[in-house]
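Heads up: the protein sequence lines correspond to chains A and B, in order.
When we follow our numbering, the leftmost residue of the first sequence carries the number 1, and every step to the right adds one.
When we follow our numbering, the leftmost residue of the second sequence carries the number 1001, and every step to the right adds one.
Think of the CB as a built atom: it goes at the ideal place given N, C-alpha and C, for glycine as much as any other residue.
Model, not experiment: these values are computed from the prediction.
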Amino acid sequence: MSLLKYESQLREPLVDGDKDYHQVTEDIVRPIEAKPSRLWYIGFWISVGLLLFGVYSIYREVTYGVGQWNLNKTIGWGWDITNFVWWVGIGHAGTLISAILLLFRQGWRTGVNRAAEAMTIFAVMCAGQFPIWHMGRVWMAFFVLPYPNTRGPLWVNFNSPLLWDVFAISTYFTVSLLFWYSGLIPDLATVRDRAKTKFRKLMYGVASFGWTGSTKHWQRHESLSLVLAGLSTPLVLSVHTIVSFDFATSIVPGWHTTIFPPYFVAGAIFSGFAMVQTLMIIVRKVFNMQDYITLGHIEAMNKVIVLTGSIVGCAYLTELFIAWYGQNPYELWAFFENRGNLFSPYGWSYYLMMFCNVVSPQLFWSRKLRRNITVTFFMSIIVNIGMWFERFVIIVTSTYRDFLPSSWSTYYSPTIWEIGFYLGTFGLFFTCFFLFAKYMPVIAIAEIKSILKTTGEGYKAKMTDVEKADAEKFYIEEVTHAH
Amino acid sequence: MAGGIKKFVVACFDDEKTLFPAVKNVRKQGYKIHDVYTPFPVHGLDHAMGIRETSLHTAGFIYAITGTTTALTFISWVLTKDWPLNIGGKPHFALPAWIPITFELTVLFSAVGMVLTFCYLCNLAPFVKKHHFHPRATDDLFVMAIECTDKTNDAEVEGFLKSAGAVETKIESAETGWWIGRYDREQKLYKEEKGY
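Shown next, in the form of C-alpha cells:
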C-alpha cells in the first residue's frame, strides 16, 4: 500500500536521504526541542527593536496626526498605501502554494506550504496596519463595520471598493488563519506526544486541541482541507483583484484601467514567491532542512517567478500600448511623461521597477541559475524591491502632478516616521516569523510523511521493480487497494 | 457521561503494507475495530475499515449559501429600503457592485462554519483531554485498537494480530465516554460491504 501513487524514476525526489517516518519527525521537531541558536536571538531582538520603533512612529502619528507623514495636496496615499499593497501582495504566496497547488496535486508544495502560509498570515497582519493607521482618527476605525448605530443607522457604502477591501482582507486573513491552523493541529500533536517537560506538554496539548490521529478524524480533515483549498483559490484571486479596484474604479490617469485585476494578481504571486524564497533559503540553512526544501523546490518556485514576472512585464507593456492607442492626453501624460520620461522627477522609479521586475527575472530561464542558491537569494530581494517600486510608481507618479498645475507642489519624500512605520511592520513580520520558526513545525510533518514513500529518495529505488512490472497488475494491486 | 471501563487490544504496525491486510483480516474474523490512529492521512484506510464517507463538504455548501443569502439580503435591504443613497442617479439595486462582498461572505461563512463543524464532530478544542492509546501514533506507528467484549479471548486476539504483522501489542483499559470516540455508527460490518 505504500505505492498508492506511482512516481516516475525520472522525477527528482522531493525528500532527500534514506528516511523513515520517525526520522522525518526527528528532523522537523528538533529545532523546536533544542535551545535556539545565538543567531536566532540576534535576529529576534533586531526584529523586536524594529517593531518598537514602528510602535513609536505610530504613536507620533496618532498623537500629532497624519501630518507627521509627508503626504501633500495631491499625494494622499504615499508610502503607507504603497506598503499596504506590497504586504498584501506578499501575503498571496502562502495560500497560493497551499490551495492552488493542492488542487493541482503538486507534491512539492508539502515542503514549503507551512512556512509560506505562516508568512501569508504575518504579511496580511502587516498590511492591515496601513489602512487602519492611515485613517488618522484610528479610534473611529470601527466605522467601517456595518453595525446598527445611533446615526440613522447610517450604513457603510457597500458600493465602495474601499469597503470591499475591508471585507476582502478580513476574510482572507480569517480563512488563511483557519487553513493554516487546521493543518497545524496534527503536527502540534506530534510535538505534544514527544514533549518531555510538563510545561511543553501543557502548551502543545492545548494547542493541538486533543488530536489523536483517528482515521475518521483524518477523513474529515482531508475533506476540510480540500474544500478550504477550493474556497481559498478564488479567494486569493479575489483579494488582490479587489485591492486593484481601489485604483481601477477611480478616474485618475494611470489607475483607470481594466488590466489591473489580473496584473495585480500576477504581481502578488510574483512578490509572494520571492518572499517565500528569501525565507526558505534562510530556514533550510538555519534549521538544516536541506533534505526537505531541496534544490528542486527552489527551482520550482523560480519557475513560478519567471512566469509571473513575465506576465507582469507583459502587463506593463500593454498599459503603455493602451495609453498610446487610446490617445487620451491625460493617460499619455501619466505614462509617457510622469513614468516613461527618465528625466521627470520620478522617472527613475519607473525604470528601476522595469529592471527589477521584468529584466532581472529573465535570468531564471537558465536552469543553472534557477538552481543556484546565492543567485536565487539575491533575485528574491531584487524582485521585492521591484514590486515595492511598482506600487510606489502607481501611487505617486499618478498623483504628484494632477489636473491642477498650481497644486503640483513639492517633491514627495517620506518623513522618518513614515519610514519608521514601514520598518515597524518588518519588525512585526520577522518577530512573528522567528517565534513561529522556534515554536512550531516549519514543515508540514504529516504531509511530508504522506508523500515520503512515493517520492522519498530512499524509496525511489524500490520503485524500479514496479516500473518493470505489468502496468495492469500494478493498477489492480496498488491503486484500487484490492488484495 | 462516563460509562465504565472498556478493554482494548492495541496493536501497532509500522508499515501501511502490513496494516491494510491486517485491517481486512481483523474485520473478517468478526473483531470490532474501535479505531486506527495514524500519523498522517492514509488514503483508502477509511474504505478498508468500512467507515462511511464524511458529509462535511455538504455542510460547507450549506454554510456557503447561507453566506451568499445573508450578504445579498442585507445589502439590498440597506441600500434599497432602509437608507437608499442617491449615487449619481444610479439604480439603488446595484447588484454588480455587491458581488465582491457577497463572494467574500460566501467564503467566510463556509470556511468558518466548516472548521467549527469539524472541531465539533471530532471533539477538538483547547484543553480537551482524550485517551491516547500510543504516543507514537503521531510519530511513526499505525495503532489499531480493537474493542474487547466479555467473550473475547485477549491472548488469542493478540496472537492473531502478531501474526498479521503487528510489531507491538498490548492490552489497555480506557474509561468510556466521548473522549475515546464512538464510531460504531460510522462503521459498516465487513459482511455488509459490497463484494463480500
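Of 1007(B), 1029(B), 1016(B) and 1035(B), the smallest CA-CA separation from residue 214(A) is found for 1035(B). Straight through space, the alpha carbons of residue 373(A) and residue 1120(B) are spaced by roughly 45 Å.
Cβ-Cβ distances below 8 Å link residue 53(A) to 420, 423, 424 and 427 in the same chain, with the five nearest sequence neighbours on each side left out; the list follows chain order. Not a single C-beta of chain A is nearer than 8 Å to the C-beta of residue 1172(B). Comparing alpha carbon positions, the residue from 1166(B), 1170(B) and 1165(B) closest to residue 1155(B) is 1170(B). Just so you know, the alpha carbons of residue 416(A) and residue 240(A) end up roughly 29 Å apart.
Look at residue 1094(B) here: in three-state DSSP terms it is coil, with no helix or strand label. Nearest to residue 269(A) by C-alpha distance, out of 156(A), 322(A), 99(A) and 218(A), is 99(A). Using a Cβ-Cβ distance cut-off of 8 Å, the segment 99 to 108 of chain A and the segment 227 to 235 of chain A are in contact, since at least three pairs of beta carbons, one from each stretch, lie closer than that value. If the five residues before and after residue 1138(B) are omitted, its C-beta is found closer than 6 Å to the C-beta atoms of 1039, all from its own chain and listed in chain order. With a 10 Å radius around the Cβ and a threshold of 16 neighbouring Cβ atoms, residue 132(A) comes out exposed. Assignment of beta-bridge partners to residue 27(A) by DSSP yields no partner. Under the Cβ criterion of 8 Å, residue 281(A) is not counted among the residues facing chain B. Counting the other Cβ atoms within 10 Å of the Cβ of residue 31(A) gives 16 or more, which makes it buried. Counting only runs that start and end inside the segment 1021 to 1102 of chain B, the beta strand (DSSP E) elements of at least 3 residues fall at 1032 to 1037. With its beta carbon at least 8 Å from every one in chain A, residue 1163(B) lies outside the interface.
The beta-carbon of residue 106(A) is placed no less than 8 Å from the nearest beta-carbon of chain B. The residues 124, in chain order, have a CB closer than 6 Å to that of residue 173(A) in the same chain once the five nearest residues on each side in sequence are set aside.
Excluding five sequence positions before and after residue 438(A), the CB atoms of its chain that fall closer than 6 Å to its own CB belong to 36, given in chain order. Contact annotation for residue 1007(B) against chain A: no contact, minimum CB-CB distance about 18 Å [criterion: below 7 Å]. In the DSSP assignment, residue 1172(B) forms a beta bridge with 1008(B). Using a Cβ-Cβ cut-off of 8 Å, residue 1028(B) does not count as an interface residue toward chain A, since no Cβ of chain A sits closer than that to its own. Membership of residue 1145(B) in the beta strand (DSSP E) is indicated by the continuous run 1142 to 1147.
Residue contact check for residue 1166(B) against chain A: no CB pair falls below 8 Å. Across the set 1021(B), 1106(B) and 1073(B), the C-alpha of 1106(B) shows the shortest separation from the C-alpha of residue 171(A).
Taking the Cα of residue 340(A) as reference, the smallest distance to any Cα among 217(A), 377(A) and 319(A) is reached at 319(A). Chain-ordered, the chain B residues with CB closer than 8 Å to the CB of residue 189(A) read 1138. Near chain B, meaning a CB-to-CB distance below 8 Å, the residues of the segment 140 to 160 of chain A are 146, 152, 153, 154, 155, 157, 158 and 159.
Pairwise C-beta distances place the segment 1069 to 1080 of chain B in contact with the segment 1090 to 1100 of chain B, as three or more of them are shorter than 8 Å. In the same chain as residue 57(A), and ignoring 5 residues on each side of it, the C-beta atoms closer than 7 Å to its own belong to 417, 420, 421 and 424, in chain order. The Cβ atoms of residue 1041(B) and residue 222(A) sit closer than 8 Å to each other.
One finds 217 and 220 in chain A with Cβ atoms closer than 7 Å to the Cβ of residue 1122(B), taken in chain order. Close to chain B, meaning a Cβ-Cβ distance shorter than 7 Å, are the following residues of the segment 4 to 30 of chain A: 4, 20, 21, 22 and 25. As far as DSSP is concerned, residue 158(A) takes part in no beta bridge. Taking a 10 Å sphere around the C-beta of residue 338(A), we find 16 or more other C-beta atoms and assign the residue as buried. Residue 219(A): member of the alpha helix (DSSP H) spanning 215 to 248, first to last residue.
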